[in-house]
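Asks:
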Amino acid sequence: MIHFLKKIILFLLELEAKLVLKKYKPIIVTITGSVGKTSTKDALYAMLSKFYYVRKNIKTPDNRIGFPLTILGSPNGGTNPIIWIKTLLKGLSLILQDHTYPHLLILETVVKEPGHIDSLLSWLYSDIVVITPFGSTPPHIEFFDSREHLIHEKTKILSTLAPSGILILNTDDEAIRNLQHVPKVRTFNFGFNENSMIQASHEHILYDDNKRLKGIQFKINYDGNSLPIPIEGSFGKNLIYAVLASVVVAREMNLNMITAFESLKHYPTPPGRMKLLAGVKSSSIIDDTYNSSPAATTLAIETLKAIETKGRKILVLGDMMDLGTQSQEEHKKIGTLAAGVADILITVGIRARLIAEGALNSEMDENTIFQYESAQNAGKFLEQEIKENDVILVKGSQLMRMERTVEEVMNNPTQKKMLLVRQGSEWI
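Adding 481 to a residue's 1-based position in the sequence shown gives its number in this note's numbering.
(1) Locate the alpha helix (DSSP H) running through Q857, then write down its first and last residues.
(2) When we look at the beta-carbon of H683 and count the other beta-carbons within 10 Å, is it buried (16 or more) or exposed?
(3) Nearest-angstrom Cα distance between T636 and R658?
(4) Got a sec? Which residues, its chain only, sit under 7 Å from R832 by beta carbon, not counting five neighbours each side?
(5) DSSP state of H580, grouped into three classes?
(6) So the candidates are L798, D626, V535; which of them puts its Cα closest to the Cα of P583?
(7) From the DSSP output, in three-state form, read off I539 for me.
(8) Around the Cβ of G830, are there at least 16 other Cβ atoms within 10 angstroms (buried) or fewer (exposed)?
(9) K695: buried (16+ other C-beta within 10 angstroms of its C-beta) or exposed?
(10) Flag W565 as yes when its Cβ comes closer than 7 Å to any non-hydrogen atom of the ligand ATP, and as no otherwise.
(11) Using beta-carbon positions only, say whether I850 and L841 come within less than 8 Å of one another.
(12) Is the distance from the Cβ of T511 to the Cβ of S607 below 8 Å?
(13) Got a sec? Which residues, its chain only, sit under 7 Å from E838 by beta carbon, not counting five neighbours each side?
(14) Closer than 6 Å by C-beta to K531: which residues in its own chain qualify, once you throw out the five before and the five after it? Chain order, please.
(15) Between the alpha carbons of A681 and E675, how many angstroms are there, rounded?
(16) Leaving out the 5 sequence neighbours to the left and right, which residues in its chain are closer than 8 Å to M678 when beta-carbon positions are compared?
(17) Among E495, E789, P549, which residue has its Cα nearest to the Cα of D689?
(18) Report yes or no: do the stretch 487-505 and the stretch 714-729 share at least 3 C-beta pairs separated by less than 8 Å?
(19) Please classify L660: does DSSP put it in a helix, a strand, or coil?
(20) To the nearest angstrom, how far is it from the Cα of E869 to the Cα of W604?
(21) Distance check for L573 and I552, CA to CA, integer angstroms please.
(22) Given a cut-off of 8 Å on the beta-carbon distance, is the pair L648 and V592 in contact?
(23) Please give me, in chain order, every unbroken run of the beta strand (DSSP E) with length at least 3 that falls completely inside the stretch 737-764.
(24) If you compare alpha carbons, which of R885, S843, R834, N848 is closest to N858?
Here it is in structure tokens:
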């Protein structure tokens, strides 16, 4: 009975969403890929909000529900029938009466298994599609036949692009470069690649007057111009990619580029994505606990490698989930990479033991490697181990709850609800 009711609600939600789109005709920007999607969504929202009334979707495990709810501007009702009734009534009101409606919607896709978004393809349209990197071993690959199969499923969203639509690609990922010849759409690209239309260069770490971490700076090169972009409080190539994608959108929508650049310099980067936090004992934490994959972890460790500090570099790494048969190899690869960067390595979880094994095989001193089963216990150990000027990078898949490690060592834990990921009632 409950399953039947869910099907009815989903049918009605999709019907109402379709009719709302037909009536109000918002510009829709859809984001797919595997690495940096949420950062791209947030950067686009920060920039486009300076020009339009914009709505972005709250990430949900299932776009089949999340997209209609975003279009209707309603929360997920969960098991509360009253909320679902209110949502359906709101949809009717949007259809039958005139309301102020967003000029632009930003939708981040989630594809965790084959066919996951197929039902959306019959009614959703996109004016702009942004494709972020996939990486060599994307998250959720366990549920697909191959990397190519996963990419095929994630790029099905291209079928929603109108003939006059815009496709924006990250050309630093070879798999994405192969998508540059989609017929009947306008294609633009970005990346560090020198052939990119919008290119990033001169990336470097920023420090304050006391030589403490501050953020990053890089240049954006486009149409013969070269502009420096400093961003305080965050790090990493994924952040740069998010800014580049936003610049492409601004350029192709003929927006005021000065306003666009200023909004991107100051946009509030989301928690848990290479976010700089003050740690205990005058240490610095790079909080990258939102989620994890081999590609994202590699980029994070490369950032840590580039940082100069008077203290030590400490890596706290949790399991990377949903990697299937490639899990062992990918965890060991991360261990090898960690051995060349970290002074101390702390692993969390069963799979992450292979990170420790990879580090040991790369001749990292076993006395500098520590293994824990829970993020909280790892944090309690770390709190005792930290010294002044240490830089700590914390990362792991969502299920590992690595933000609990950060909570143990952050200098202002009373602000955790504002600074850390997964602080809502559904997670506590």
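Note that beta-carbon positions come from the ideal geometry of N, C-alpha and C, so glycine has one too.
Replies: Put simply:
(1) As a working mapping, residue 857 is identified with position 376 in the sequence shown. First-last of the alpha helix (DSSP H) with Q857: 856-866.
(2) Walking along the sequence shown from the start, residue 683 turns up at place 202. The residue in question, H683, is exposed, as its Cβ has fewer than 16 Cβ neighbours within 10 Å.
(3) For the purposes of this step, residue 636 is identified with residue 155 of the sequence shown, where counting begins at 1. For the purposes of this step, residue 658 is identified with residue 177 of the sequence shown, where counting begins at 1. Looking at the two C-alpha atoms, the distance is approximately 13 Å.
(4) The count along the sequence shown starts at 1 and reaches residue 832 at position 351. The answer, listed in chain order, is D800, M801, S808, H812.
(5) The residue labelled residue 580 in the question sits at position 99 within the sequence shown. Residue state, collapsed to three classes: coil.
(6) The count along the sequence shown starts at 1 and reaches residue 583 at position 102. Considering only alpha carbons, the answer is V535.
(7) Reading the sequence shown from its first residue, position 58 is the one you call residue 539. It is coil, neither helix nor strand.
(8) As a position in the sequence shown, residue 830 is number 349, starting the count at 1. Looking at its Cβ environment, which holds 16 or more other Cβ atoms inside 10 Å, G830 is buried.
(9) Numbered from 1 along the sequence shown, position 214 holds the residue referred to as residue 695. So K695 ends up on the buried side.
(10) Although the ligand ATP was asked about, the structure shown includes no ligands whatsoever.
(11) Taking the first residue of the sequence shown as position 1, residue 850 is located at position 369. Taking the first residue of the sequence shown as position 1, residue 841 is located at position 360. Result yes, Cβ atoms of I850 and L841 sit closer than 8 Å.
(12) Counted from its first residue, the sequence shown places residue 511 at position 30. Counted from its first residue, the sequence shown places residue 607 at position 126. Yes; because the gap between Cβ atoms is below 8 Å, this pair is in contact.
(13) What you label residue 838 is simply residue 357 of the sequence shown in a count that begins at 1. K813, G816, listed in sequence order.
(14) Start at 1 with the first residue of the sequence shown, and residue 531 comes out as number 50. Once the five neighbours on either side are set aside, the close Cβ partners of K531 are T740, S744.
(15) Looking up residue 681 in the sequence shown gives position 200. Looking up residue 675 in the sequence shown gives position 194. So the alpha carbons of these two residues sit roughly 9 Å apart.
(16) Here residue 678 refers to the residue found at position 197 of the sequence shown. These residues qualify, in order along the chain: F669, N670, F671, Y703, V729.
(17) Translated into the one-based positions of the sequence shown, residue 689 becomes position 208. For D689, the nearest C-alpha among the options comes from E789.
(18) no
(19) Within the sequence shown, residue 660 is the residue found at index 179, counting from 1. Of the three classes helix, strand and coil, the one that applies to L660 here is coil, per DSSP.
(20) Position 388 of the sequence shown, counted from the start, is the residue given in the question as residue 869. Position 123 of the sequence shown, counted from the start, is the residue given in the question as residue 604. When rounded, the distance between both Cα atoms is 56 Å.
(21) The residue labelled residue 552 in the question sits at position 71 within the sequence shown. The residue labelled residue 573 in the question sits at position 92 within the sequence shown. In a straight line, the C-alpha of I552 is about 13 Å away from that of L573.
(22) Against the sequence shown, residue 648 aligns to sequence position 167. Against the sequence shown, residue 592 aligns to sequence position 111. Result no, Cβ atoms of L648 and V592 do not sit closer than 8 Å.
(23) 756-760
(24) Reading the sequence shown from its first residue, position 377 is the one you call residue 858. It is R885 whose Cα lies nearest to the Cα of N858.
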